[in-house]
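Colleague: Just add 13 to the spot in the sequence shown (first one is 1) and you have this note's numbering. The structure that follows is given in the form of structure tokens.
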Amino acid sequence: MDRAAREEPAGSGTLGFRAAYPGPGTYEITAEVRVADTRRSATATGAVTGTFTLAAPLPEASHRIEVAPAELRPGTTTTLTYTVERVGDDGDGSARLGLIGDAPTGIRLASTDVRCVNPLTGRYPSTDRSPHAVDCALTDLQPGRPATVTVHATLPPGAPCSTVVAKLGYWTPRGQQVAGAMIDGPTVTCG
């Protein structure tokens, strides 16, 4: 038997979700763990807890996103106006604003802004586009010079409510090192 056949994998798994850095402090993190041995049909479960002290200061926000109005109404089309502003000197004028609604509700997001598109779905050569998401490539953000993006959100009559979630990704300069950041924008609710 060769060495590779005798070695067992060290482990694998997924984490629940990404969390924003809360700032300096001591934190207790608990994870639910499940270990399965397929050769012996055995499973062990439990919880693992660890305490971590984080010392890095919470970074100053370099961008800000605002939206008006902040609520959708079922059975109508709402015009959402997003204002994206670079408030710090970090990064350059480029940023990507992404908006997404809850697909099963039938929400449709659209923009006539040439910087925005509904993203492609499926494999090439598909030309299908996601009707519930919009991506906008902003290239002229400077402190004191915000960008405004208009998006039309349509909730069909009788459809359940959907929120619209916003995220903004941008580059930060560190020579040729790949570095960037992503921030959460406001969530448009539904009433």
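Just so you know, even glycine gets a beta-carbon here, dropped at the ideal spot from N, CA and C. Keep in mind the model is a prediction, meaning the values are calculated, not measured.
Compare the C-alpha of Pro129 against each of Ile113, Gly135, Tyr137 and name the closest.
Modeller: Residue numbering aside, residue 129 sits at position 116 when the sequence shown is read from its first letter. The question names Pro, but residue 129 is Cys in the sequence shown. Among Ile113, Gly135, Tyr137, the Cα nearest to that of Cys129 belongs to Ile113.
Colleague: Looking only at its own chain, which residues have a Cβ that is under 6 Å from the Cβ of Tyr95, when we skip the five neighbours before and after it?
Modeller: Within the sequence shown, numbered from 1, the residue matching residue 95 stands at position 82. Hits under 6 Å: Val80, Val162.
Colleague: Are the CB atoms of Val46 and Ala68 within a distance shorter than 8 Å?
Modeller: Translated into positions along the sequence shown, residue 68 becomes position 55. Translated into positions along the sequence shown, residue 46 becomes position 33. Against a cut-off of 8 Å, the Cβ pair of Val46 and Ala68 comes out as no contact.
Colleague: Which of the three DSSP states is assigned to Thr118 in this structure?
Modeller: Within the sequence shown, the letter at position 105 stands for residue 118. DSSP places Thr118 in helix when its eight states are reduced to three.
Colleague: Terminal residues of the continuous beta strand (DSSP E) containing Arg99?
Modeller: Counting from 1 along the sequence shown, the entry for residue 99 is found at position 86. Unbroken beta strand (DSSP E) run through Arg99: 90-99.
Colleague: For the region 133-201, which segments carrying the beta strand (DSSP E) assignment without a break, of at least 3 residues, lie completely within its bounds, in sequence order?
Modeller: Runs found: 146-151, 160-167, 177-184, 193-197.
Colleague: According to DSSP, is Leu85 helix, strand or coil?
Modeller: Within the sequence shown, the letter at position 72 stands for residue 85. If DSSP states are grouped into helix, strand and coil, Leu85 belongs with the strands.
Colleague: Under the assumption that Ile78 contacts Pro199 (Cβ atoms under 8 Å), give the Cβ distance between them as a whole number of angstroms.
Modeller: Counting from one through the sequence shown, the residue named residue 78 turns up at place 65. Counting from one through the sequence shown, the residue named residue 199 turns up at place 186. Ile78 to Pro199, Cβ: 6 Å. Contact.
Colleague: What does the alpha-carbon distance come out to for the pair Thr202 and Ala166?
Modeller: If you number the sequence shown from 1, residue 202 lands on position 189. If you number the sequence shown from 1, residue 166 lands on position 153. Computed Cα separation, rounded: 12 Å.
Colleague: Classify Cys203 as helix, strand or coil using the three-state DSSP reduction.
Modeller: Taking the first residue of the sequence shown as 1, we reach residue 203 at position 190. Cys203 falls in the strand class under three-state DSSP.
Colleague: Take the Cβ of Ala179 as the centre, count every other Cβ of all protein chains shown within 10 Å, and call the residue buried at 16 or more, exposed below.
Modeller: If you number the sequence shown from 1, residue 179 lands on position 166. Burial call: buried.
Colleague: Give me the Cβ distance between Lys159 and Val97, rounded to the nearest whole Å; I'm assuming they're in contact under 8 Å.
Modeller: As a working note, residue 159 is residue 146 in the sequence shown. As a working note, residue 97 is residue 84 in the sequence shown. The question names Lys, but residue 159 is Pro in the sequence shown. Contact holds; Cβ gap of about 6 Å.
Colleague: Is it true that the CB of Trp184 sits closer than 8 Å to the CB of Gly104?
Modeller: Here residue 104 is taken as the residue at index 91 of the sequence shown, counted from 1. Here residue 184 is taken as the residue at index 171 of the sequence shown, counted from 1. Contact: yes.
Colleague: Classify Tyr34 as helix, strand or coil using the three-state DSSP reduction.
Modeller: The residue given as residue 34 occupies position 21 in the sequence shown. Three-state result, Tyr34: coil.
Colleague: Could you tell me the alpha carbon to alpha carbon distance between His76 and Asp50, rounded to whole angstroms?
Modeller: Taking the first residue of the sequence shown as position 1, residue 76 is located at position 63. Taking the first residue of the sequence shown as position 1, residue 50 is located at position 37. Approximately 47 Å, taken between the alpha carbons.
Colleague: Whose C-alpha, out of Leu133, Leu71, Asp153, Ala83, is nearest the C-alpha of Ala108?
Modeller: Numbered from its first residue, the sequence shown carries residue 108 at position 95. It is Asp153 whose Cα lies nearest to the Cα of Ala108.
Colleague: Grab me the residues of Ala74's own chain with a C-beta within less than 8 Å of its C-beta, minus the 5 sequence neighbours each way, in chain order.
Modeller: One-based indexing of the sequence shown puts residue 74 at position 61. The residues are Val100, Gly101, Ile196.
Colleague: State the beta-bridge partners of Leu110 as determined by DSSP.
Modeller: Here residue 110 refers to the residue found at position 97 when the sequence shown is read from its first residue. For Leu110, which the question treats as bridged, DSSP gives the partners Cys149, Leu181.
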